[in-house]
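Written out below as structure tokens is the structure these notes cover.
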Amino acid sequence: MTGPLARAARWWLAPAPPERLAALRMLVGAYALVYVAVRLGELHAVARLPAAQLRPVGAARVLSAPIPPAAALAIAIATVALLAAFVAGYRFRAAAPAAALGLLWVTSYRCSWDVALPTENLMVLHVIALACAPAADAWSLDAARRRRAGAPPAASAAGCGWAIKLLAALTAATYVLAGVAKLRLAGVEWIDGELLRNQIAIDNLRKALLGDGIAPLAIPFLDHPAAFTIFCALTLAIELGAFAILLGGRAARVWALGAWGFHLGVVLLMNIWFPYPLLGFAFLPALRAERPFRWLIGRARSRLPS
Amino acid sequence: MDRAFALIASIALIGAALSPLVRRPEDDGFPLSTYPMFASRRPRQLTMSYPLGVTADGGRRYLSPGLIGSSEPLQAASIVEQAVGRGGAALRGLCEAIARRVAASPAHRDVAAIRLVTGTHDAVELLARDRIGAEREHGRCEVPRSAP
Chain A
95 MTGPLARAAR WWLAPAPPER LAALRMLVGA YALVYVAVRL GELHAVARLP AAQLRPVGAA
155 RVLSAPIPPA AALAIAIATV ALLAAFVAGY RFRAAAPAAA LGLLWVTSYR CSWDVALPTE
215 NLMVLHVIAL ACAPAADAWS LDAARRRRAG APPAASAAGC GWAIKLLAAL TAATYVLAGV
275 AKLRLAGVEW IDGELLRNQI AIDNLRKALL GDGIAPLAIP FLDHPAAFTI FCALTLAIEL
335 GAFAILLGGR AARVWALGAW GFHLGVVLLM NIWFPYPLLG FAFLPALRAE RPFRWLIGRA
395 RSRLPS
Chain B
1187 MDRAFALIAS IALIGAALSP LVRRPEDDGF PLSTYPMFAS RRPRQLTMSY PLGVTADGGR
1247 RYLSPGLIGS SEPLQAASIV EQAVGRGGAA LRGLCEAIAR RVAASPAHRD VAAIRLVTGT
1307 HDAVELLARD RIGAEREHGR CEVPRSAP
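Going line by line, the protein sequences match chains A and B.
The numbering of the first sequence is this note's numbering, which starts it at 95 and goes up by one.
The numbering of the second sequence is this note's numbering, which starts it at 1187 and goes up by one.
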């Protein structure tokens, strides 16, 4: 098979170490697990709000009325257990899709009582993508069970490279959409900085009037409108250039660093925290995520008596 | 896992992730968001209701969400807006509840009274130059202090 489509398919399916995908499974899965586990109390409290406040979004759109709070809590606890299996790579073929569905439901139901938080979107998309991938072929309880049974290691015919590229593409898509939204809603004049300056001023003023902490760099920059033109140009360059992450190597890492810097800027100017990208999870597909695990395994082996 | 599945799953998920491009940008969703968060036009003026602590010498102190009745800023703002909207007993009740919390807070010993106001401010002028806009008072109550 030849031609551009065949070449694109070959590039998409180019091999990558199964350990890299396994590392992504463990890291992204662990983030999602902690995310749900630390919010169990909040999820239960929110589910007891008056029914009139329910505005179903995402998977919760099937609802016309709230589910009992105990059921909401039970689904969240089951999701935590399924995500633990996801991280460990235990019965992955069954547990991973169930964990992804559970996470989609829990986050959708939570957002149905409040404003949808864009920090959760990419985490959910990454878990869904990993659930479709052969992410437990290495460093998993499933792989250990196969080894003990004397079976050959699982090796997907499609390899693991496509799944890592898929995670990178999903990261890129979220940033490109954010850039396109700015151009669609405000036009190219978004770049002059006035709109962003107003946004930052209003957001910080609302916090100040409620006695909440304002961002450390907001006030120094509000008196310098020209700085916002630079911020806007950089923001659009990062967002619309997000597919650079698919190039891999240095280009992907430079883009990831720029995107991380953008989120740091949002903290310093607006005191708004996006933990998934700020902690680097959004950019893991651009990195050699298996390296820390290899290092840890090497250290553990060197300490074992020979 | 075969190559056809890998390609179909990839196309389906990327297509779904990019599908908000065919929706109106204001039509946000979850988890397939249009990401309108920092894209919408915003005026520079903000009108909102909030409580103010007033010190004995007439100084103003902004009060934290916890003193209003919720540690969550958005919920605290909603509590104030609802009380202002209802007026009368709801407004007095909120003012007195805030005053009791302020009385119990060692960090607010200098606050003598609570005002519930709706203010309209130019956000840049107030934050960068301390120029306060117009404020309309809806209610006022004293902070209960026991005699020394």
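Heads up, the beta-carbon is just placed ideally off N, CA and C, and yes, glycines get one too.
Quick check: is the beta carbon of residue i nearer than 9 angstroms to any beta carbon in chain B?
{"i": "Trp284 (chain A)", "result": "yes"}
{"i": "Glu113 (chain A)", "result": "no"}
{"i": "Asp317 (chain A)", "result": "yes"}
{"i": "Gly359 (chain A)", "result": "no"}
{"i": "Ala338 (chain A)", "result": "no"}
{"i": "Ser234 (chain A)", "result": "no"}
{"i": "Thr96 (chain A)", "result": "no"}
{"i": "Ser158 (chain A)", "result": "no"}
{"i": "Ile171 (chain A)", "result": "no"}
{"i": "Val151 (chain A)", "result": "yes"}
{"i": "Leu290 (chain A)", "result": "yes"}
{"i": "Glu214 (chain A)", "result": "yes"}
{"i": "Ala210 (chain A)", "result": "Any reading at Ala210 (chain A) needs caution, since the residue's pLDDT is 49, under 50, leaving its predicted position unreliable; the model's value is listed next. For Ala210 (chain A), the answer is yes, since a Cβ of chain B falls inside 9 angstroms of its Cβ."}
Under 9 angstroms between the Cβ atoms of residue i and residue j?
{"i": "Leu169 (chain A)", "j": "Tyr269 (chain A)", "result": "The displayed chain sequence assigns Ile, not Leu, to residue 169 (chain A). Not closer than 9 angstroms, so no."}
{"i": "Pro163 (chain A)", "j": "Leu157 (chain A)", "result": "no"}
{"i": "Ala116 (chain A)", "j": "Ala252 (chain A)", "result": "no"}
{"i": "Gly273 (chain A)", "j": "Ala345 (chain A)", "result": "no"}
{"i": "Ala166 (chain A)", "j": "Phe180 (chain A)", "result": "no"}
{"i": "Val1240 (chain B)", "j": "Arg1301 (chain B)", "result": "yes"}
{"i": "Tyr1221 (chain B)", "j": "Ala1263 (chain B)", "result": "no"}
{"i": "Thr323 (chain A)", "j": "Gly352 (chain A)", "result": "no"}
{"i": "Leu219 (chain A)", "j": "Leu118 (chain A)", "result": "no"}
{"i": "Arg309 (chain A)", "j": "Ile285 (chain A)", "result": "Residue identity differs from the one stated: residue 309 (chain A) is Ala in this sequence, not Arg. Contact flag unset, no."}
{"i": "Gly196 (chain A)", "j": "Asp236 (chain A)", "result": "no"}
{"i": "Arg382 (chain A)", "j": "Arg133 (chain A)", "result": "no"}
{"i": "Leu224 (chain A)", "j": "Val122 (chain A)", "result": "yes"}
{"i": "Leu177 (chain A)", "j": "Val140 (chain A)", "result": "no"}
{"i": "Thr213 (chain A)", "j": "Gly152 (chain A)", "result": "no"}
{"i": "His1307 (chain B)", "j": "Val1329 (chain B)", "result": "no"}
{"i": "Ala131 (chain A)", "j": "Tyr203 (chain A)", "result": "no"}
{"i": "Ala110 (chain A)", "j": "Gly255 (chain A)", "result": "yes"}
{"i": "Ala1203 (chain B)", "j": "Leu334 (chain A)", "result": "no"}
{"i": "Leu362 (chain A)", "j": "Leu311 (chain A)", "result": "yes"}
{"i": "Ala1309 (chain B)", "j": "Asn298 (chain A)", "result": "yes"}
{"i": "Pro1229 (chain B)", "j": "Leu1218 (chain B)", "result": "no"}
{"i": "Tyr1248 (chain B)", "j": "Leu1260 (chain B)", "result": "no"}
{"i": "Thr1233 (chain B)", "j": "Gly1305 (chain B)", "result": "yes"}
In the DSSP assignment, what are the bridge partners of residue i?
{"i": "Met1234 (chain B)", "result": "B:Gly1305"}
{"i": "Arg204 (chain A)", "result": "According to DSSP, which records beta bridges pairwise, Arg204 (chain A) is partnered with nothing at all."}
{"i": "Glu1282 (chain B)", "result": "In the DSSP output, where bridge partners are listed per residue, Glu1282 (chain B) has none listed."}
{"i": "Arg114 (chain A)", "result": "None, per the DSSP bridge assignment."}
{"i": "Gly273 (chain A)", "result": "Beta-bridge pairing links Gly273 (chain A) to no other residue."}
{"i": "Cys1327 (chain B)", "result": "B:Ile1300"}
{"i": "Gly1239 (chain B)", "result": "B:Arg1247, B:Ile1300"}
{"i": "Arg1322 (chain B)", "result": "B:Thr1304"}
Going along chain B, which residues have a C-beta under 9 angstroms from residue i?
{"i": "Gln147 (chain A)", "result": "Here the premise fails: no neighbours, minimum Cβ distance about 10 angstroms."}
{"i": "Ile296 (chain A)", "result": "Arg1228, Pro1229, Arg1230, Gln1231, Leu1232, Ala1309"}
{"i": "Trp106 (chain A)", "result": "Ala1192, Leu1193, Ser1196"}
{"i": "Gly183 (chain A)", "result": "Neighbours of Gly183 (chain A) on chain B: none; closest Cβ ~15 angstroms, over 9 angstroms."}
{"i": "Leu219 (chain A)", "result": "Leu1199, Ala1202, Ala1203, Pro1217, Leu1218"}
{"i": "Leu137 (chain A)", "result": "Residues of chain B passing the Cβ test: none, with the nearest at roughly 15 angstroms."}
{"i": "Ala252 (chain A)", "result": "Met1187, Asp1188, Arg1189, Ala1190, Phe1191, Ala1192, Leu1193"}
Taking Cβ-Cβ distances shorter than 8 angstroms, what residues in chain B pair up with residue i?
{"i": "Trp256 (chain A)", "result": "Ala1192, Leu1193, Ser1196"}
{"i": "Ile222 (chain A)", "result": "Leu1199"}
Compare the C-beta of residue i against all C-beta atoms of chain A and say whether one is closer than 9 angstroms.
{"i": "Ser1250 (chain B)", "result": "yes"}
{"i": "Pro1292 (chain B)", "result": "no"}
{"i": "Asp1188 (chain B)", "result": "yes"}
{"i": "Pro1217 (chain B)", "result": "yes"}
{"i": "Thr1306 (chain B)", "result": "no"}
{"i": "Glu1282 (chain B)", "result": "no"}
{"i": "Pro1206 (chain B)", "result": "yes"}
{"i": "Glu1323 (chain B)", "result": "no"}
{"i": "Ala1225 (chain B)", "result": "yes"}
{"i": "Arg1286 (chain B)", "result": "no"}
{"i": "Arg1317 (chain B)", "result": "no"}
{"i": "Arg1247 (chain B)", "result": "yes"}
Going along chain A, which residues have a C-beta under 7 angstroms from residue i?
{"i": "Pro1259 (chain B)", "result": "Lys301, Leu304, Asp306"}
{"i": "Pro1211 (chain B)", "result": "Ala275, Arg278, Leu279"}
{"i": "Leu1312 (chain B)", "result": "Leu299"}
Quick one: which chain D residues come within Cβ less than 8 angstroms of residue i?
{"i": "Pro1222 (chain B)", "result": "No chain D is part of this structure, whose protein chains are labelled A and B."}
Can you list the residues of chain A that residue i reaches, using a CB-CB cut of under 8 angstroms?
{"i": "Ile1200 (chain B)", "result": "Leu260, Ala263, Leu264, Ala267"}
{"i": "Gly1275 (chain B)", "result": "In the sequence on display, residue 1275 (chain B) carries Ala and not Gly. Chain A residues near Ala1275 (chain B): none, gap ~20 angstroms exceeds 8 angstroms."}
{"i": "Ala1298 (chain B)", "result": "Those do not exist, as Ala1298 (chain B) stays about 17 angstroms from chain A at its closest Cβ, beyond 8 angstroms."}
Show which residues of chain A have a CB atom less than 9 angstroms away from the CB atom of residue i.
{"i": "Ala1269 (chain B)", "result": "Going along chain A, no residue has its Cβ under 9 angstroms from Ala1269 (chain B), so there is no contact; the nearest lies around 14 angstroms."}
Meets three-Cβ-pair contact criterion under 8 angstroms: the region 1286 to 1293 of chain B and the region 1221 to 1232 of chain B: no
The region 1313 to 1333 of chain B touching the region 1267 to 1286 of chain B, judged by at least three CB pairs closer than 8 angstroms: yes
Sufficient close CB pairs (3 or more, under 8 angstroms) joining the region 1246 to 1261 of chain B to the region 303 to 321 of chain A: yes
Validate contact between the region 1302 to 1317 of chain B and the region 311 to 327 of chain A using beta carbons, cut 8 angstroms, 3 pairs: yes
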